[in-house]
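Colleague: There's a structure below that I have some questions on.
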Amino acid sequence: FEIGTVVMENSSDTGVLASTEAESVKYFGKYKIGNHTILAQFEDSEFDPDTTVAGNNVDLETWFVGYQVRAGNNTFVVQAGNQERSPSGGLTTERDYYTVGMIHHLSKKTRLFGGYRNTEDDANNSETDVWSVGLRVLF
Numbered sequence: 002f003e004i005g006t007v008v009m010e011n012s013s014d015t016g017v018l019a020s021t022e023a024e025s026v027k028y029f030g031k032y033k034i035g036n037h038t039i040l041a042q043f044e045d046s047e048f049d050p051d052t053t054v055a056g057n058n059v060d061l062e063t064w065f066v067g068y069q070v071r072a073g074n075n076t077f078v079v080q081a082g083n084q085e086r087s088p089s090g091g092l093t094t095e096r097d098y099y100t101v102g103m104i105h106h107l108s109k110k111t112r113l114f115g116g117y118r119n120t121e122d123d124a125n126n127s128e129t130d131v132w133s134v135g136l137r138v139l140f
């Protein structure tokens with residue numbers, strides 16, 4: 002069982018037109034029993050893309066939950082999440098996603114993976130489908 006919190010603050014100044022500020026607090030947890038793992042994370046963020054403009058902040062609330070099961074050399078993964086974006090003085094929008102995938106462990110250092118992700122974004126009324134396949138080698 003793992004649980005934690007991360008607090009991040011970032012500020013940058015381009016020196017030309019604007020400076021940006023971002024602040025995030027993340028809460029996360031992981032519970033593992035046998036071959037099964039359950040994951041969860043919640044993040045509350047505030048982002049100001051241009052500190053020279055008053056009322057330009059964007060608040061983000063992001064969460065996801067996930068489940069993994071290991072069966073032999075394979076790990077099967079399912080995740081779902083949501084992000085709510087609330088710009089100051091603007092319309093609140095949401096983005097939802099889910100993903101399914103599999104990781105095949107060829108060895109301790111090499112993994113073959115594949116997956117599918119669907120994302121729905123009500124800001125522009127769009128839906129995106131992504132398929133991925135890859136090979137990861139640890140050095």
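Our numbering numbers the first residue of the sequence shown as 2 and each following residue consecutively.
Each residue gets a CB set at the ideal place from its N, CA and C atoms; glycine is no exception.
#1: Please return the same chain residues whose Cβ sits closer than 6 Å to the Cβ of E85, not counting the five positions on each side in sequence.
#2: For Q42, which residues in the same chain have their Cβ closer than 6 Å to its Cβ, ignoring the five residues on either side in sequence?
#3: Enumerate in chain order the residues of its own chain whose CB-to-CB distance from D123 is below 8 Å, with the five nearest sequence positions on each side excluded.
#4: So, under 8 Å CB-CB, E1 and E24 are touching, yes? Tell me the CB distance rounded to an integer number of Å.
#5: Quick check: T38 and Q69, are their CB atoms within less than 9 Å of each other?
#6: Using CA atoms only, rank isn't needed, just tell me which of G67, V7, V59, S46 is closest to K31.
#7: Alpha carbon to alpha carbon, how far is E44 from V26?
#8: Under a three-way DSSP split, which group does S108 fall into?
#9: For the stretch 54-140, which segments carrying the alpha helix (DSSP H) assignment without a break, of at least 4 residues, lie completely within its bounds, in sequence order?
Modeller: In short, the structure shows the following:
#1: E62, E95
#2: Here the set comprises F29, F65.
#3: T94, E95, R96
#4: Given that the chain is displayed from residue 2 to residue 140, the structure contains no residue 1 and the question cannot be resolved.
#5: yes
#6: Considering only G67, V7, V59, S46, the residue with the shortest C-alpha distance to K31 is G67.
#7: Going by the C-alpha atoms only, they are around 6 Å apart.
#8: coil
#9: none
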